[in-house]
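Working notes, structure below.
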Amino acid sequence: MAHTVNAARCNKCGQLSYPTHYYCSKCNATEFSPIPISGEGTLLTFTRAYALSLDYEQLYVTFGIVQMDQGVRATGQLDIQEPVLGMRVRATVGPVRDIGGRDVFGLRFVSVFPDAAAVESDQPALSASPSAS
Amino acid sequence: MMDHLEAMLRPPKLDMAPYPAKHILLANGETMVVRSASLDEVDVLLDAIDPLRTLDRDFYDVVGARLYAELLGWKRHRVRNEYCLVGVIDGELAGIVNGRMFDEKHGISYHTLTLKRGLRIGAHLFASKMEHHIEYLGQDEVWIVAESPIGHRRWMIEYPLQQKFSIQHELGGAPSWVLTRETYFKAKSRLVSGARPVPAHLLEKSYPIRKPDLRTMLIQIGETLEAKL
Amino acid sequence: MRDVVIVGAATTQFGRAQWSLLKLMAEAAHGAITDAGIERKKIDAVYVANMGSARNNRQAGIASALVDRMNLYPVAADTIENGPASGASAVKNGFLAVASGMYDCVLVVGGERMQEVNNFEATEFVSYLSHRFAEYIYGITLPALAGMFARLWMQKYGVTSEHLAMVAIKNHANALLNPASHLKMPIAMEGLLHSPDSAMNNPFVADPLRFFDCCPVSDGAAAVLLAPADLAKNFKKTPIVISGIGQATDTQAVHERPDPTVLTAVQTASRKAFAMAKLEPKDISLAELHDAFTILEIAQSEQVGFFPEGEGHLALERGVTQITGKLPINASGGLKAKGHPVGATGVSQIVELALQLRGEAGKRQVKNPRHGFALNFGGFGNNVVATILSKGA
Ligand SMILES: [Zn+2]
Chain A
1 MAHTVNAARC
11 NKCGQLSYPT
21 HYYCSKCNAT
31 EFSPIPISGE
41 GTLLTFTRAY
51 ALSLDYEQLY
61 VTFGIVQMDQ
71 GVRATGQLDI
81 QEPVLGMRVR
91 ATVGPVRDIG
101 GRDVFGLRFV
111 SVFPDAAAVE
121 SDQPALSASP
131 SAS
Chain B
1001 MMDHLEAMLR
1011 PPKLDMAPYP
1021 AKHILLANGE
1031 TMVVRSASLD
1041 EVDVLLDAID
1051 PLRTLDRDFY
1061 DVVGARLYAE
1071 LLGWKRHRVR
1081 NEYCLVGVID
1091 GELAGIVNGR
1101 MFDEKHGISY
1111 HTLTLKRGLR
1121 IGAHLFASKM
1131 EHHIEYLGQD
1141 EVWIVAESPI
1151 GHRRWMIEYP
1161 LQQKFSIQHE
1171 LGGAPSWVLT
1181 RETYFKAKSR
1191 LVSGARPVPA
1201 HLLEKSYPIR
1211 KPDLRTMLIQ
1221 IGETLEAKL
Chain C
2001 MRDVVIVGAA
2011 TTQFGRAQWS
2021 LLKLMAEAAH
2031 GAITDAGIER
2041 KKIDAVYVAN
2051 MGSARNNRQA
2061 GIASALVDRM
2071 NLYPVAADTI
2081 ENGPASGASA
2091 VKNGFLAVAS
2101 GMYDCVLVVG
2111 GERMQEVNNF
2121 EATEFVSYLS
2131 HRFAEYIYGI
2141 TLPALAGMFA
2151 RLWMQKYGVT
2161 SEHLAMVAIK
2171 NHANALLNPA
2181 SHLKMPIAME
2191 GLLHSPDSAM
2201 NNPFVADPLR
2211 FFDCCPVSDG
2221 AAAVLLAPAD
2231 LAKNFKKTPI
2241 VISGIGQATD
2251 TQAVHERPDP
2261 TVLTAVQTAS
2271 RKAFAMAKLE
2281 PKDISLAELH
2291 DAFTILEIAQ
2301 SEQVGFFPEG
2311 EGHLALERGV
2321 TQITGKLPIN
2331 ASGGLKAKGH
2341 PVGATGVSQI
2351 VELALQLRGE
2361 AGKRQVKNPR
2371 HGFALNFGGF
2381 GNNVVATILS
2391 KGA
């Protein structure tokens, strides 16, 4: 079974949100359809975190927030050696944590241009406008 | 004059390369000298460790009691090749690490005891101990065993150490972990600090070792004062 | 609404508790009761701020348990859990209870005993504040959220690691003047950042944040006693007026904020507190901000309204926020060095302001303060309470 991480699309007005809220932030409707988070986006910020919970055995995990071209933003792990603000990334889904002996799946972002980090560093770090689709 | 029986009890001495002293600038601006302790300094170390042997907090009791015994064994010539490194700040003892050579190529890490907390002194001293085994004693591996699981886990992940369940560490614990020469040099720039040589005036100030004030030390460690004073 | 005053205030030693959470809380409560000079049977209600007793100390219903420990029955008692902002939330609820006329004497106690579990568990427990499906499952921790925030902030405003260290150095120095503080250790720039030994002394926790940019895991408790202003003469100490309270919330997942560097709830809560107190940021004599991470002191000092956007670190550089400066920030040592027993923090900020306004802050006394401001920051800014205290007329 393929794992997905879903954003919610409002059945009435089409607004995308992630994570899901009870009411649509635009039109207050309460019915949504799941839309898998996929495709490419721009890395807004990241951190390499060394202080981790007990269930992690690696030295660090890299986290980032990504502005997806789909319109939503998402937090996830980065499989990127040297992340750079503003770089282009692609969403994949894979195991992100072992909770109670069970793999939990979530977003793992990879670089779109694995070898072009230096070039990408000139890109804008943070898009000024919010993520309304 | 050593009698015949005592001579039999004493293991033949093995020579060990000396650990060249170094100095580390700490986050609080103080300088810690890391150097080897000599046999005639053991008494003051024992004195400092003594009250910690019954301190049921963060494994201070286990580490304190065993380190006490190891140093006493060393002082009384019951171990062939033990060494002890101390961290000294302005003459005051801040931490102790010790270990020994199992054989020429394999080292055994015994204990790490921090008397002044919050400044990463334990981490600095543990790294110095690894430095001693690999770089100065010229060994291929250091065997390490967990007594305080949480602190040890941090080292396992930080270096990272490798599991080696095939060996039995002298302290009896299991499982055993090893630091290899290769892992050490990979981690060195990240984890091993300090500069050499130690300026003469700094080195001089590290003699004689003063034990920390008991009250200050116990507050530092975070123990119930009433129970100990 | 009736005017509400603080008539008693006390804190325990922060750091590693020598005894149980309940005894810690009782010690703080007893301190506040003694400070006010009243009999404890005068207390009508107790509000207890705590985040994790059920998980970390195997005690749920902590308010009822405290009442029992202190033989306060049959007082009304409620537990207030609002993450790291539990303390100021509890004071707010106590304020409302007195202001409404429902109760005359309310005891507010905040306490946490985190060191009953190890640091990995404490990190895990605090990370429950993040969004369970959009953040927590990734292993996101509060330091990680702060690290991502710091990276953006530093890039946007030219804040450096040295600026962050300056916050830590200042607050460690202040904590040396506070007998109750957890960390009593001066720190210095060279060992933190500029020596070859710095990488080991001050390693990254969540880059660009380092070890000394983060608050310690502390145990501790603090308490205040509240009463209506017209009954204040029945108490021993100079009453301190609660002149403004503001609270606001924001998205739980940090990534949903239009600009992740804008802490909307900080801005809104502060604005509301100033409006209620009929004061402006320039009227404030000293502030206790929620410096769980050094970057937060800088960011909050701007978003509360003390300094213009992008100038918090410049004010810090000029010494404005030192105890002797124009606007002392975290004279107590802050969460950074006084310590951060989660449920106690908001109450202890208010205790600090009350002591300062009474002129009882000892060696860290700010000169002639009139109005004090406290900011208690829950989650990563998704629930924020601002409180303003004023010296009576
Ligand atoms: Zn809609």
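Residue numbers (the numbering used here), protein chains in the order written: chain A, 1 to 133; chain B, 1001 to 1229; chain C, 2001 to 2393.
Note that the Cβ used here is the ideal one computed from N, Cα and C, for glycine as well.
Model, not experiment: these values are computed from the prediction.
Roughly how many angstroms separate the alpha carbons of residue i and residue j, rounded to a whole number?
i	j	result
A49 of chain A	G101 of chain A	22 Å
G39 of chain A	D69 of chain A	7 Å
D1050 of chain B	Y1068 of chain B	7 Å
R73 of chain A	S1193 of chain B	41 Å
G2339 of chain C	F2014 of chain C	6 Å
L1005 of chain B	D1015 of chain B	23 Å
Y2047 of chain C	V2205 of chain C	35 Å
A2 of chain A	S2127 of chain C	28 Å
G2031 of chain C	A2010 of chain C	5 Å
G2319 of chain C	V2167 of chain C	10 Å
A1021 of chain B	K2391 of chain C	57 Å
G2094 of chain C	G2110 of chain C	12 Å
A1123 of chain B	S2270 of chain C	42 Å
A2173 of chain C	R2364 of chain C	10 Å
G2359 of chain C	E2039 of chain C	25 Å
C2215 of chain C	A1007 of chain B	56 Å
W1143 of chain B	E1092 of chain B	29 Å
I1134 of chain B	T1183 of chain B	10 Å
V89 of chain A	F109 of chain A	6 Å
T2268 of chain C	T2387 of chain C	12 Å
D1213 of chain B	E2311 of chain C	44 Å
I1219 of chain B	R1153 of chain B	25 Å
G1029 of chain B	E2162 of chain C	15 Å
L1009 of chain B	R2210 of chain C	51 Å
Between the Cα of residue i and those of the options, spot the shortest distance and give me the residue it belongs to.
i	options	result
T2012 of chain C	C:A2028, C:S2020, C:K2023 and C:Q2018	C:A2028
V2342 of chain C	C:E2360, C:A2292 and C:A2076	C:A2292
M2001 of chain C	C:L2316, C:M2276, C:V2351 and C:G2378	C:M2276
E2302 of chain C	C:A2026, C:Y2157 and C:F2211	C:Y2157
F63 of chain A	A:R97, A:P114, A:L54 and A:T30	A:R97
A2085 of chain C	C:M2102, C:V2108, C:M2051 and C:V2075	C:M2051
E1147 of chain B	B:R1078, B:Q1139, B:H1169 and B:G1095	B:H1169
I2295 of chain C	C:M2185, C:P2208, C:F2095 and C:S2100	C:P2208
V2004 of chain C	C:R2040, C:Y2073, C:V2091 and C:S2064	C:V2091
A1011 of chain B	B:E1082, B:A1027, B:I1024 and B:S1038	Here residue 1011 of chain B is Pro; the residue named in the question, Ala, does not match the sequence. Ranking B:E1082, B:A1027, B:I1024 and B:S1038 by Cα distance to P1011 of chain B puts B:E1082 first.
T2324 of chain C	C:E2135, C:V2366 and C:L2024	C:V2366
T30 of chain A	A:P114, A:N11 and A:G41	A:N11
Y2103 of chain C	C:A2045, C:A2223 and C:A2049	C:A2045
P1955 of chain C	C:Q2155, C:E2162 and C:T2123	The question about residue 1955 of chain C has no answer, for chain C in this structure spans 2001 to 2393.
Y2138 of chain C	A:E82, A:V61 and A:V84	A:V61
N2082 of chain C	C:I2388, C:T2387 and C:N2383	C:N2383
I2187 of chain C	C:H2255, C:A2175 and C:G2061	C:A2175
Would the beta-carbon of residue i be found less than 7 Å away from any heavy atom of ligand 1?
i	result
A8 of chain A	no
Q15 of chain A	yes
K26 of chain A	yes
A12 of chain A	The sequence given here has Lys at residue 12 of chain A, not Ala. K12 of chain A Cβ: within cutoff of ligand 1.
A1127 of chain B	no
A2265 of chain C	no
T2063 of chain C	Here residue 2063 of chain C turns out to be Ala, not Thr, going by the sequence shown. The answer is no for A2063 of chain C.
A29 of chain A	yes
Going by beta carbon distance, what residues of the same chain come within less than 6 Å of residue i, once the five residues before and after it are set aside?
i	result
Q2115 of chain C	R2016 and D2219
E2297 of chain C	V2167, L2289 and D2291
Looking only at its own chain, which residues have a Cβ that is under 8 Å from the Cβ of residue i, when we skip the five neighbours before and after it?
i	result
V104 of chain A	P95, V96, R97 and D98
C27 of chain A	C10, K12, C13 and Q15
L1202 of chain B	H1023, T1031 and V1033
Skipping 5 residues on each side, what residues in its chain have a beta carbon closer than 7 Å to that of residue i?
i	result
Y1060 of chain B	L1052 and I1221
P1175 of chain B	Q1163 and F1165
Y144 of chain A	Nothing in the structure corresponds to residue 144 of chain A, since chain A is present only between 1 and 133.
#### Entry: 3 or more residues per run - each beta strand (DSSP E) lying fully within the stretch 2201-2259 of chain C
2204-2206, 2219-2228 and 2240-2249
### Task
Counting only runs of 3+ residues fully inside the stretch 2029-2109 of chain C, write out the beta strand (DSSP E) ranges in chain order.
2045-2049 and 2076-2080
### Task
Output the residue ranges of the beta strand (DSSP E) runs that lie fully inside the stretch 2280-2340 of chain C and measure 3 residues or longer, sorted by chain position.
2286-2288
### Query
For the stretch 1198-1223 of chain B, which segments carrying the beta strand (DSSP E) assignment without a break, of at least 3 residues, lie completely within its bounds, in sequence order?
none
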